[in-house]
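Worksheet for the structure shown next.
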Amino acid sequence: MISSQERTMSETIREVDYVIVGAGAVGMAMADTLTAETSATVAIVDRRARPGGHWNDAYPFVRLHGPSVTYGVNSLPLGRGQIDTTGLNAGLNELASGAEICAYYDRVMQQLLTSGRVSWLPMHDVDETGVATSLVNGQRVRLVARRRWVDATQADTQVPATHGPKFAVADGVTCLTPTELTQWDRPVAGHVIVGGGKTAMDTALWLLEQGVDADSITWIRPREAWLLNRANVQPTAPFAHQTMAAMVAEFEAARDATSLPDLFARLEGMQLLQRIDPSVTPTMYRCAVVSNAELMQLRRIRNVVRLGHVKGIELDRIVLDQGKVPTSPKHVHIHCSAGGLPRGPVQPVFQGHRIVPQYLRRCSPSFSAAFIAHLEATIEDDEVKNALSEPVLVPTVPLDWLLMHLQTARNQAAWSQHAELQDWLRRSRLEAYTGLFTRFHHHADPAWEALQSRLRQARVPGLQRMTTLLASVKESSQQGRVVSSTE
Numbered sequence: 079m080i081s082s083q084e085r086t087m088s089e090t091i092r093e094v095d096y097v098i099v100g101a102g103a104v105g106m107a108m109a110d111t112l113t114a115e116t117s118a119t120v121a122i123v124d125r126r127a128r129p130g131g132h133w134n135d136a137y138p139f140v141r142l143h144g145p146s147v148t149y150g151v152n153s154l155p156l157g158r159g160q161i162d163t164t165g166l167n168a169g170l171n172e173l174a175s176g177a178e179i180c181a182y183y184d185r186v187m188q189q190l191l192t193s194g195r196v197s198w199l200p201m202h203d204v205d206e207t208g209v210a211t212s213l214v215n216g217q218r219v220r221l222v223a224r225r226r227w228v229d230a231t232q233a234d235t236q237v238p239a240t241h242g243p244k245f246a247v248a249d250g251v252t253c254l255t256p257t258e259l260t261q262w263d264r265p266v267a268g269h270v271i272v273g274g275g276k277t278a279m280d281t282a283l284w285l286l287e288q289g290v291d292a293d294s295i296t297w298i299r300p301r302e303a304w305l306l307n308r309a310n311v312q313p314t315a316p317f318a319h320q321t322m323a324a325m326v327a328e329f330e331a332a333r334d335a336t337s338l339p340d341l342f343a344r345l346e347g348m349q350l351l352q353r354i355d356p357s358v359t360p361t362m363y364r365c366a367v368v369s370n371a372e373l374m375q376l377r378r379i380r381n382v383v384r385l386g387h388v389k390g391i392e393l394d395r396i397v398l399d400q401g402k403v404p405t406s407p408k409h410v411h412i413h414c415s416a417g418g419l420p421r422g423p424v425q426p427v428f429q430g431h432r433i434v435p436q437y438l439r440r441c442s443p444s445f446s447a448a449f450i451a452h453l454e455a456t457i458e459d460d461e462v463k464n465a466l467s468e469p470v471l472v473p474t475v476p477l478d479w480l481l482m483h484l485q486t487a488r489n490q491a492a493w494s495q496h497a498e499l500q501d502w503l504r505r506s507r508l509e510a511y512t513g514l515f516t517r518f519h520h521h522a523d524p525a526w527e528a529l530q531s532r533l534r535q536a537r538v539p540g541l542q543r544m545t546t547l548l549a550s551v552k553e554s555s556q557q558g559r560v561v562s563s564t565e
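This note's numbering numbers the first residue of the sequence shown as 79 and each following residue consecutively.
Take a look at the structure:
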């Protein structure tokens, strides 16, 4: 029996061990680990009709930015475990499409329901009192968590289909979401992409793949971003040396950096970070990942507008913070300026009767959620659990690369003191790096041993230098001087 229930005159009461609000990547990873590692009962509730969170709302050409092998839940692999042989990701681990991810989460949900310990409330809105109201028929369910409420809504990614433009759009102007763009079948004078994040990059790549002339595309890109090189985040055996070399190079770049600008110059020189326009200083970092082939394609678009954010689109002009550019009713404007992953306040993960999942490792939502669930399943003391789960902030600016790296290193150092956690990390499919590197440690490989020697020499000094660089930025800020990452 899933839960104890009783009916009152106005609502049903459902009592379980854990109530998880949100059936996206974070909520599903939590549910998967909790049911696999405990005998707990779980209720999952979400406003959407299907599990998968924002993937249900994303545009048809969306794909993961990083390898499928480390996304999803621990118990079920995503993808076929293959290397892409065609397209702009050729030669690297496969990237699941949005449709594949939605189908994957359907399978995960069916697997959870089959356990007999999970109940699923789709199309329900939960209020602060714990009452879930059906968006279909208005029926109410009072959810009671014997152990904890899990608030997985902090990671609810904002996409154009659900979060409209913040700028004004005049009557007669064609302004589409990326999804609507794929359905547009009328002649256009040109395409105008509004936004500088990964959705905008995906849209630009899709247009180019459809044969749209790069010179007919206008890209309103308020900020330049630092981008991660996908070749350096490949957690499978064929790429072990390359991936480890990239990790070592990060520490060496930090160790040798004389300033924050010098650090980013070194990271770029080693192709650890990249930017679309090498002549423009990046002021944004959001963990976006691209291949070298994608980067080359994006650089084909030369008509880039850098006049701040769009304030309004009129029939004949686009009004921005710092100026105006012409347009026409025959141009298609594509809204790619939704907020993406929101940066909420950093707070303790374990809060009495509540769990608030957050990043515990840089750019790793699925892994972080599963690890938090494992802590919940195996450790009683909240103080101990919080000491092992210091949040890593969601990045927005280049300085956050440094902050994320430092907090990730602190967390990993804490985990290294627990043999049971190390064993879990080695076995986790979402933390493929630990298992991969552990296997290579047992090989008599001179090249691998050389990388390990470099790592031992660079890691501690690199982290110390990062701490010093961060302190210098804070000191400059306290003195009233604004410091950018590449000043």
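Backbone N, C-alpha and C define an ideal beta-carbon position, used for all residues, glycine too.
| H143 by DSSP, collapsed to three states: which one? | In this structure, H143 counts as coil in the three-state DSSP scheme.
| said: Could you pull the DSSP bridge partners for G390 from this structure? | reply: By DSSP's assignment, G390 forms a beta bridge with A246, V397.
| said: Buried or exposed, going by whether 16 or more other CB atoms sit within 10 Å of the CB of V472? | reply: Under this definition V472 is a buried residue.
| request: Can you tell me the Cβ-Cβ gap for P316 and C414, rounded? I've got them flagged as a contact below 8 Å. | output: With a contact defined as Cβ atoms closer than 8 Å, P316 and C414 miss out at about 34 Å.
| said: Does V204 pass the burial test, meaning 16 or more other C-beta atoms within 10 Å, or should it be called exposed? | reply: Under this definition V204 is a buried residue.
| task | Name, in chain order, the residues that DSSP records as bridge partners for Y363. | result | DSSP output for Y363 lists W304 as bridge partner(s).
| Which runs of the alpha helix (DSSP H) fall wholly inside the region 444-525 and span at least 4 residues, in chain order? | Counting only runs of 4+ residues, the alpha helix (DSSP H) found wholly inside the region 444-525 occupies 460-465, 477-493, 497-505, 510-519, in chain order.
| message | Could you pull the DSSP bridge partners for L254 from this structure? | response | For L254, DSSP records a beta bridge to I412.
| message | Classify P238: buried if its beta carbon has 16 or more other beta carbons within 10 angstroms, exposed otherwise. | response | So P238 counts as buried.
| query | What's the C-alpha gap between V270 and G242? | reply | The straight-line gap from Cα to Cα measures roughly 16 Å.
| query | How would you call G100, buried or exposed, if buried means at least 16 neighbouring beta carbons within 10 angstroms? | reply | It is buried - the Cβ of G100 has at least 16 other Cβ atoms within 10 Å.
| request: Under 8 Å Cβ to Cβ from R185, same chain only, skipping five residues before and after it: list those, please. | output: For R185, same chain residues with a beta-carbon under 8 Å away, outside a window of 5 residues either side, are L154 in chain order.
| task | Please report the residue range of the alpha helix (DSSP H) in which E328 lies. | result | Segment 318-334, the alpha helix (DSSP H) holding E328.
| task | Please report how far the alpha carbon of G150 lies from the alpha carbon of L156, in whole angstroms. | result | Cα to Cα, G150 sits roughly 7 Å from L156.
| request: Kindly list the residues whose CB is nearer than 6 Å to the CB of A448, restricted to its own chain and excluding five residues on each side of it in sequence; keep chain order. | output: Within the same chain, and ignoring the five residues on either side of A448 in sequence, the residues whose Cβ sits closer than 6 Å to its Cβ are A107, T111, N152, L508.
| For W566, which of helix, strand or coil comes out of DSSP? | In this structure the chain extends from 79 to 565, so residue 566 is not present and cannot be described.
| request: Determine which residues share a DSSP beta bridge with I161 and list them. | output: Note: I161 sits in a beta bridge opposite N171.
| Nearest-angstrom Cα separation, counted from Q189 out to S82 | In this predicted model, S82 has a pLDDT of only 48, less than 50, meaning its place in the structure is not dependable enough to derive any value.
| message | Can you look up G150 in the DSSP assignment and give me helix, strand or coil? | response | DSSP, reduced to helix, strand and coil, places G150 outside both helices and strands of the structure shown, so it counts as coil.
| query | How is E553 classed by DSSP in three states: helix, strand or coil? | reply | E553: helix per DSSP, three-state reduction.
| request: Return the chain-ordered list of same chain residues with a C-beta closer than 8 Å to the C-beta of D355, the five sequence neighbours on each side being excluded. | output: Cβ neighbours of D355 beyond the five flanking positions: E302, R377, V382.
| said: On a Cα-Cα basis, can you pick out the residue from A536, C365, P300 that is closest to T359? | reply: With respect to the C-alpha of T359, the residue from A536, C365, P300 having the closest C-alpha is P300.
| said: Between the region 226-240 and the region 130-140, can you find at least three pairs of beta-carbon atoms closer than 8 Å? | reply: Yes, they touch.
| said: Alpha carbons only, please: which of P339, A246, R218 is nearest the one belonging to E89? | reply: Ranking P339, A246, R218 by Cα distance to E89 puts R218 first.
| said: I'd like to check one pair, V326 with A127: are the Cβ atoms closer than 8 Å? | reply: With contacts defined as CB atoms closer than 8 Å, A127 and V326 fail to qualify as a contacting pair.
| query | Straight-line CA distance for V94 to V427? | reply | Their backbone Cα atoms lie some 20 Å apart in a straight line.
| query | Excluding the five sequence neighbours on either side, which residues of its own chain have a C-beta within less than 6 Å of the C-beta of G514, listed in chain order? | reply | Just to set this straight, residue 514 is Leu in the shown sequence, not Gly. Excluding residues within five positions, the ones whose Cβ falls inside 6 Å are P313, A318.
| field | Straight-line gap, R85 to T207 (C-alpha atoms, nearest Å) | value | For R85, the predicted model reports a pLDDT of 46, less than 50, meaning its position is unreliable; a value from the coordinates is still stated below. In a straight line, the C-alpha of R85 is about 17 Å away from that of T207.
| task | Taking all protein chains shown into account, decide if H566 is buried (16 or more other Cβ within 10 angstroms of its Cβ) or exposed. | result | Beyond the ends of the chain as shown, which are 79 and 565, falls residue 566; an answer cannot be given.
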